[in-house]
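>
There are 2 protein chains.
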Amino acid sequence: MNIPSCITALVCPKCEQSYDHREIRHLCRCGSPLLVHYDLERAARIVDTGTIKNRPATLWRYQEVLPVLDDRNILSLGEGCTPLTPLSTIAKKYAFGKLYMKDEGVIPTGTFKARGAAVGVSKAKELGVRDVAMPTNGNAGAAWAAYAARAGIAAHILMPEDAPRITRNESVAAGAQVHLVRGLISDCGKILARSIPIHDWYDVSTLKEPYRIEGKKTMGYEIAEQLGWQVPDVIAYPTGGGVGIIGIYKALKEMRRLGWIGDKLPRLVAVQAEGCAPIVEAYRKKAKESEAFPHSQTIAFGINVPKALGDFLVLEAVYQTEGCAVAVSEKEIIEALLELASLEGTFVCPEGAAVLGGLKKLRDADWIKAGETVVLLNTGAGIKYPDTLQYNLPYCPVDGTV
Amino acid sequence: MNIPSCITALVCPKCEQSYDHREIRHLCRCGSPLLVHYDLERAARIVDTGTIKNRPATLWRYQEVLPVLDDRNILSLGEGCTPLTPLSTIAKKYAFGKLYMKDEGVIPTGTFKARGAAVGVSKAKELGVRDVAMPTNGNAGAAWAAYAARAGIAAHILMPEDAPRITRNESVAAGAQVHLVRGLISDCGKILARSIPIHDWYDVSTLKEPYRIEGKKTMGYEIAEQLGWQVPDVIAYPTGGGVGIIGIYKALKEMRRLGWIGDKLPRLVAVQAEGCAPIVEAYRKKAKESEAFPHSQTIAFGINVPKALGDFLVLEAVYQTEGCAVAVSEKEIIEALLELASLEGTFVCPEGAAVLGGLKKLRDADWIKAGETVVLLNTGAGIKYPDTLQYNLPYCPVDGTV
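In order, the protein sequence lines correspond to chains A and B. The first sequence runs 134 to 535 under our numbering. The second sequence runs 134 to 535 under our numbering.
Here it is in C-alpha cells:
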C-alpha cells in the first residue's frame with residue numbers, strides 16, 4: 134500500500150545538484166553525500182502531531198518525512214520510540230536543570246544503528262537492490278546484516294578484527310559474508326572501494342547512500358515529541374561518522390518548517406574521545422572540515438573514526454546551533470560509565486558514557502547553565518561491550534555464607 | 134502522588150491464607166509463593182482499554198493492576214511495550230497461520246528480567262527495604278542490580294561462575310556486591326538462605342517475594358493489547374523458574390475478569406531444554422509438581438533450573454489452558470537461533486530460540502493447527518550471549534579485495 138511520503142528529491146548540500154529519488158544514487162558527482170528533500174508544506178497539511186501520537190510506537194510513525202513509498206517494503210523489528218530516561222540523581226549531583234538520556238540501547242540489535250539500517254535497507258529493497266556492502270566498526274554491520282536478512286538481501290561486511298566480537302556473531306548468524314581486517318574502519322573502506330566495482334554491490338558505507346541518515350534523524354523527532362514538542366537547550370551526541378548529529382540537525386530544521394517546534398534550536402554538542410578528536414580539533418580552529426586524526430585509539434570503539442565523510446555537515450550543525458565540540462579522556466569515559474550504572478541503573482556503551490563526560494566538562498565551565506534542559510544521547514547498550522570493565526570477583530564456597 | 138492501584142491483599146494459592154500487602158512478606162507459612170490480589174471489579178470501573186492506549190509506552194500503563202501505591206516509588210528505565218514482531222518467513226516455511234515474536238530483547242538490560250525487577254524494586258522501595266539479595270543465573274541479578282541502583286537500595290548477588298560474563302559486569306558496575314559460586318543457581322540459593330538471617334536482607338529469590346511476578350505478567354497484558362485485545366491460540370514460553378508463564382496466566386485470568394478479553398484463553402506451552410526438563414517430565418506423568426532434574430545442563434543457561442519453587446503454578450497454567458510442555462535438544466536450539474537470525478533478522482537468546490524449536494515440533498505433530506495464531510516469547514537479546522556461536526572468519530589483507 135502506498136505511504137504518503139513527501140519525498141521530492143536527493144539534493145547535494147555542497148553544490149545543490151538535484152537527483153531523482155526513484156533511482157539508485159550514492160554520492161553527488163562533486164563527491165559530497167546527498168540529502169533527502171521533502172515537500173514539507175505538503176507534509177504539514179496532511180499530518181499533524183496529534184495524528185502521529187496515535188500511531189504505533191516505532192520510527193515509522195514519521196512516515197511523511199521518511200523516504201519509503203510502499204509499506205510492503207518496510208522492514209521493521211519494532212525499532213524506534215526508545216526511552217527518554219530522566220537522570221535525576223546525576224542532574225542533582227552536577228546541578229543540571231533537567232538531564233535526560235535518549236537510550237538507544239533499547240532497540241533491536243542494541244544500538245542506534247538499527248534506525249539507519251531499518252530505513253536504509255527498506256529503501257534499498259524498494260530500489261530493487263540485491264546486495265549491500267559496507268565497512269563497519271561492528272554495530273552498523275550487525276544492524277544492516279539483520280535487516281538485510283529480513284529483506285532477503287545479501288550483506289557483505291568488512292570489519293576491523295578489534296570490533297566488538299558479538300557484532301561478528303550477529304552478522305554471521307544473519308547470513309552476512311563477513312571479512313576481518315587487521316586495521317581501522319578506514320582500511321576496511323578502502324578494501325571495499327576496490328571490491329565494489331568487481332561485484333556491483335550497493336555501497337551502504339556511512340553517508341554513501343542517502344537513506345541511513347533518514348533513519349537516524351528520527352531520534353530528533355522523538356526527542357521533540359517526548360518533550361511535548363519542546364526542544365531541550367542542549368543535545369549532546371557521541372560523534373564518530375556523525376550521521377546521528379547530522380540527522381538530528383536535519384530533523385530539527387524539518388520540524389521547524391513543519392511548525393511542530395518553535396524557531397529556537399537546541400545547541401548541538403559533538404563529543405569525541407581525546408584519542409580520536411578530529412571534529413574537536415576542527416572546532417577549535419573554526420574550520421569547516423576536519424583533518425585525518427593520526428594514530429587514533431579509544432575504548433569508545435564506535436567513535437574511532439579518524440576522518441568522517443560528513444565532517445563538514447557535523448561542523449555545520451555545531452556552528453549553526455551555537456553548539457560546540459568537546460573531547461574526553463579514557464578515564465573520564467569509564468568514570469561516567471560507572472556513574473550512570475551506579476547512580477541511575479543505566480548500563481551504557483562507552484560512546485554514551487563519553488557524552489556524560491563531555492557534559493560534565495561543559496557544566497563545569499558554565500557553558501551549560503544551571504537550569505538548562507539537556508539530552509544525552511546514548512547510542513547503544515553496554516551489554517554489547519563485555520570487555521570494557523574488568524573485575525576480579527570473590528568466590529563463595531558452596532557450603533559457605535556471604 | 135497516589136496511583137489508583139486496586140491491590141487488596143497477598144493470597145496463598147495453596148492454602149488460601151491472606152496477608153496484608155502493606156507489610157513485607159515472602160512465602161506463605163505453608164511454604165508456597167504468594168500471589169497479589171486486586172479488586173478487579175473496581176479496576177474495570179475506573180479504567181478501560183481506551184484509556185490505557187493513550188498512556189506512555191511502558192508497563193506502568195497497567196497501573197491499576199500493579200502493586201505500587203505512590204508514583205514517587207516507581208523506578209522506570211522505560212521498560213515494557215516491547216515489539217510483537219511478525220515472523221512471516223518462518224510462519225510460511227512451517228505453515229503456521231500467524232507467528233509473532235514478543236521480543237523481550239528490546240528492553241532495558243536486554244532481558245525480560247527488567248519487568249520483574251522494575252516492579253519488584255519499586256515495591257521494595259515502597260516497603261522501606263534497604264538491601265535486596267538473590268541467587269541468579271545472571272540476567273535477573275543484572276536487572277535487579279540496575280533498578281536497585283536507581284532506587285539507592287543495596288544489592289547482594291550470588292551467581293554461578295558459568296553465568297554470562299556480561300551480567301557480572303552489569304551487576305558490579307551498578308554497585309552490587311557479587312559473589313561467584315562453583316555450582317548451580319540452586320547452590321547459590323542455599324548459600325543465600327544461610328546468609329540472609331545473618332544480615333536481615335530482603336530475599337528477592339524467584340517467587341520468594343510476591344511482586345516480581347506482577348512485573349512479568351505485563352507481558353500477557355501487552356500481547357493482548359498488541360493483538361487488539363484478542364488472544365492468540367498459543368503462547369509458548371521458555372521455562373526455567375517459570376515466573377513469566379505464571380505471570381502470563383495470571384494476566385489472562387485478570388483480563389478475562391476485567392472484560393478486556395473473551396472467555397477463551399490461549400494454550401500455554403512450557404518449552405524446556407532436554408538437558409533440564411523437569412516440567413516436561415512432570416507433564417508427561419500428569420503430575421502436579423516436578424521432581425529435581427539430575428545433572429542438568431544446557432546452553433540455554435537461563436532455563437537451567439532443576440526444580441522451580443513455582444513448578445505447581447507452571448503446571449497449573451499448562452493444564453488449565455490445555456497447553457503442553459515440550460523439550461528440545463541443544464542442536465535444535467542452535468538451528469532455531471540461526472533460522473531466526475537469517476530468515477527474520479532477529480538475534481535472540483538461546484532460551485528464545487528453544488521456543489521456536491518447540492513450536493516446530495508441535496506444528497509437526499499437528500498439535501498446533503495450520504491457521505492458528507502463535508506467539509513465541511523471546512526472553513532476551515542474543516547479544517548477551519557472545520559465546521553461543523563460534524565462527525572462524527576469513528581475514529582480508531589491508532591491500533586486498535573481497
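We put the beta carbon where it would ideally sit given N, CA and C, even for glycine. Every value quoted in this text rests on a predicted model; they were computed, and no experiment measured them.
1) Could you name the residues of chain A that Thr512 (chain B) contacts, counting a contact when the two beta carbons are closer than 8 Å?
2) Below 8 Å on C-beta distance, what does Cys214 (chain A) contact in chain B?
3) Residues in the same chain with beta-carbon distance under 6 Å from Tyr370 (chain B), minus the five sequence neighbours each way, listed in chain order, please.
4) Are at least three pairs of beta-carbons, each pair with one atom in the region 229-245 of chain A and one in the region 511-526 of chain A, less than 8 Å apart?
5) Have a look at Arg345 (chain B) and Gly443 (chain A) and give me their C-alpha separation to the nearest angstrom.
6) Just the C-alpha distance for Leu168 (chain A) and Asp366 (chain B), rounded to the nearest angstrom, thanks.
7) Could you check whether the Cβ of Gly375 (chain B) sits closer than 9 Å to any Cβ belonging to chain A?
8) Who are the near neighbours of Asp172 (chain A) in its chain, counting only those whose CB is closer than 7 Å to its CB and skipping five residues on each side?
9) Is there a C-beta anywhere in chain A that falls below 9 Å from the one on Arg301 (chain B)?
10) Just tell me which of B:Cys161, B:Ala357, B:Leu143 and B:Arg162 has its CA closest to the CA of Arg155 (chain B).
11) What residues in the region 224-248 of chain B have a beta carbon less than 8 Å from any beta carbon of chain A?
12) Determine the DSSP secondary structure at Ile136 (chain A), reduced to helix, strand or coil.
13) So what does DSSP say about Gly513 (chain A), is it helix, strand or coil?
14) Tell whether a beta-carbon distance below 9 Å holds between Thr454 (chain B) and Leu398 (chain B).
15) Mind listing which residues of the region 469-480 of chain A have their C-beta closer than 8 Å to chain B's C-betas, in chain order?
16) For the ligand NAD, I want to know if Gly316 (chain B) counts as a neighbour, meaning its beta carbon is within less than 8 Å of at least one of the ligand's heavy atoms.
17) For the region 311-374 of chain B, which segments carrying the beta strand (DSSP E) assignment without a break, of at least 3 residues, lie completely within its bounds, in sequence order?
18) In angstroms with no decimal places, state the Cα-to-Cα distance between Ile436 (chain B) and Gly374 (chain B).
19) Name the residue from B:Glu347, B:Tyr528 and B:Gly183 whose alpha carbon lies nearest to the alpha carbon of Glu537 (chain A).
20) Would you list, in sequence order, the uninterrupted alpha helix (DSSP H) runs of no fewer than 4 residues that lie entirely inside the region 216-240 of chain A?
21) Is the Cβ of Val488 (chain A) closer than 9 Å to any Cβ of chain B?
22) Can you look up Leu489 (chain A) in the DSSP assignment and give me helix, strand or coil?
23) Go ahead and pull the three-state DSSP assignment for Asp396 (chain B).
24) With burial defined as no fewer than 16 other Cβ atoms inside 10 Å of the residue's Cβ, what is the status of Glu342 (chain A): buried or exposed?
25) So, at 6 Å on beta carbons, what are the nonlocal neighbours of Leu217 (chain A) in its own chain, with the 5 sequence-adjacent residues on each side left out?
26) Would you check if there are 3 or more beta carbon pairs closer than 8 Å linking the region 277-297 of chain A to the region 217-229 of chain A?
27) Taking 9 Å as the CB-CB limit, is Tyr528 (chain B) close to chain A?
28) Any idea which residues DSSP pairs Asp264 (chain B) with across the strands?
29) Once the 5 residues before and after Ser151 (chain A) are set aside, which same chain residues still bring their CB inside 6 Å of it?
30) How far does the alpha helix (DSSP H) with Ala415 (chain B) in it reach, from first residue to last?
31) How would you list, in chain order, the residues of chain B whose beta-carbon sits under 9 Å from the beta-carbon of Arg345 (chain A)?
32) Mind listing which residues of the region 493-518 of chain A have their C-beta closer than 9 Å to chain B's C-betas, in chain order?
33) Since Val311 (chain A) meets chain B, which of its residues come closer than 7 Å, beta carbon to beta carbon?
34) Skipping 5 residues on each side, what residues in its chain have a beta carbon closer than 8 Å to that of Asp153 (chain A)?
35) So with CB distances below 9 Å, who are the chain A contacts of His289 (chain B)?
36) Identify every run of the alpha helix (DSSP H) within the region 451-476 of chain B, keeping only runs that are complete inside it and at least 4 residues long; order them along the chain.
To lay it out plainly:
1) What Thr512 (chain B) touches in chain A: nothing, since even the nearest Cβ is about 14 Å away.
2) The answer, in chain order, is Ala190.
3) Gly377, Ile378 and Leu510
4) Yes: the two stretches touch, three or more of their Cβ pairs being nearer than 8 Å.
5) 47 Å
6) 46 Å
7) no
8) Cys139 and Thr141
9) yes
10) In terms of Cα proximity to Arg155 (chain B), the closest of B:Cys161, B:Ala357, B:Leu143 and B:Arg162 is B:Leu143.
11) Legend: CB atoms of the region 224-248 of chain B lying less than 8 Å from CB atoms of chain A belong to residues Asp236, Gly238, Val239, Ile240, Pro241, Thr242 and Gly243.
12) coil
13) strand
14) yes
15) Leu470, Leu471, Ala474, Ser475, Leu476, Glu477, Gly478, Thr479 and Phe480
16) No copy of the ligand NAD occurs in the structure displayed, which carries no ligand at all.
17) 367-371
18) 7 Å
19) The displayed coordinates of chain A run from 134 to 535. Any statement about residue 537 (chain A) would go beyond what the structure contains.
20) 221-226
21) With respect to chain B, the C-beta atom of Val488 (chain A) has no partner C-beta closer than 9 Å.
22) helix
23) Looking at Asp396 (chain B) - three-state DSSP - the assignment turns out to be coil, as it is neither helix nor strand.
24) buried
25) Tyr233, Lys235 and Gln359
26) no
27) yes
28) B:Ala287
29) Ala142 and Val144
30) Ala415 (chain B): member of the alpha helix (DSSP H) spanning Pro411 to Arg417, first to last residue.
31) Residues of chain B passing the Cβ test: none, with the nearest at roughly 16 Å.
32) Of all residues in the region 493-518 of chain A, Ala514, Gly515, Ile516, Lys517 and Tyr518 have a Cβ within less than 9 Å of some Cβ in chain B.
33) Result: Leu526.
34) Result list for Asp153 (chain A): Ala142 and Leu143, in chain order.
35) Val535
36) 463-472
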